[in-house]
């Protein structure tokens, strides 16, 4: 059956996947803690670069997207079986932490490393 | 809503660790951060700059050895009458349990080992407050180590991990660490009492508590001294089970 399915899988096409600039990728984004309403207790840093992932996931999930097997199958299901099952979504894959210096309500000063605060790469899953 | 506090937004997801932290620890919106928190803030800013770059990325070669460092300032200080050339301040530090699981990896007291007040030089050190035995020194110092380490020309950081871990939490989950900050006048002259007037203990000594996330150090837990396990927070057993 895999052979039958694979014969129906079209190759990557600009028509279906959209222009390459619209494909799933990491977008740089910077925000200040003032904009987030958190500057009254965060001393450093002033700016935060969470970044974000945006774009269409291609019909054929190539290796560089680090998509899990499940995403590949879900794509096939969407394509061949049931279009109510959505295509995989473009989401962050790897993150890096951020160090924050803040003042707590009781006056203590805190240095803390928060995990998974900055998106570093994207995937379709 | 740019620039507006986002408490309502945060309250919609109160169980997420970061959101919970923000809800629990953030000052009220109206409570602006003080413009100047004096030397402790300066000390922590320097620690931050050593450990992270301007964008907040932790430096790969950082030597901090923990994912969280809390600076605790004394609740109050009580100055005792001058005894000869000595001036003694009693400093109380409130240590509290955290809501989230963290494990203490190190505790230090940071103090000024030399003070220069109104033309007088004072040589200072810190001791634990021990009832009926005022001359007893830190247990950690009895064996000759560790000795205080000079951080800069102004500050000395001394390890008191053993001393802190030997104090049990009371039934309310509170603990007060009492230390004595002792200074000796180097060049005789006027009364230290007068010199000391108006000098805040907040500027002379504070605690640094170094923590690691419990779930990160689960595999290392068995290697730690048994006493340190007391610092596992209330819900740490649950986290450990989940990790297993």
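Chains as they are written, first to last, in this note's numbering: chain A, 1 to 125; chain B, 126 to 369.
We treat Cβ as the ideally placed atom computed from N, Cα and C, and that holds for glycine.
Inset, instruction - Check the Cβ of residue 196 of chain B against every Cβ in chain A and list those closer than 7 Å, keeping chain order. - result: 108, 109
Inset, instruction - Compute the distance between the beta-carbons of residue 26 of chain A and residue 121 of chain A, then report whether it is under 8 Å. - result: yes
Legend entry - Where residue 286 of chain B sits in the DSSP three-state scheme: helix
Inset, instruction - Verify whether the separation of the beta carbon atoms of residue 289 of chain B and residue 304 of chain B is less than 8 Å. - result: no
Legend entry - Interface partners of residue 97 of chain A on chain B, CB under 7 Å: 183
Inset, instruction - Could you run through the stretch 162 to 175 of chain B and flag, in chain order, every residue whose CB is less than 8 Å away from some CB of chain A? - result: 162, 165, 166, 169, 170, 172, 173
Inset, instruction - Please confirm if residue 339 of chain B has its CB atom under 8 Å from at least one CB of chain A. - result: no
Inset, instruction - Would you give the residue range spanned by the alpha helix (DSSP H) that residue 168 of chain B belongs to? - result: 163 to 176
Legend entry - Residues within the stretch 83 to 96 of chain A neighbouring chain B, beta-carbon criterion of under 8 Å: 96
Inset, instruction - Please compile the residues from chain A whose C-beta is within a distance smaller than 8 Å of the C-beta of residue 192 of chain B. - result: 112, 113
Inset, instruction - Decide if the stretch 185 to 198 of chain B is in contact with the stretch 239 to 253 of chain B; the criterion is three or more beta carbon pairs, one per stretch, under 8 Å apart. - result: no
Inset, instruction - Name the two residues that bound the continuous beta strand (DSSP E) containing residue 44 of chain A. - result: 42 to 44
Legend entry - Limits of the unbroken beta strand (DSSP E) element including residue 214 of chain B: 211 to 221
Inset, instruction - Would you mind telling me which residues of chain B sit closer than 8 Å to residue 45 of chain A, beta carbon to beta carbon, in chain order? - result: 177, 179, 180, 181
Legend entry - Sequence-distant residues of its chain with Cβ nearer than 6 Å to residue 24 of chain A (five each side left out): 55, 57, 90, 122, 124
Inset, instruction - Look up residue 96 of chain A in the DSSP assignment and say whether it is helix, strand or coil. - result: strand
Inset, instruction - Enumerate in chain order the residues of its own chain whose CB-to-CB distance from residue 93 of chain A is below 6 Å, with the five nearest sequence positions on each side excluded. - result: 66, 121, 122, 123
Legend entry - Chain-ordered neighbours of residue 48 of chain A on chain B, where CB pairs are closer than 9 Å: 180, 181
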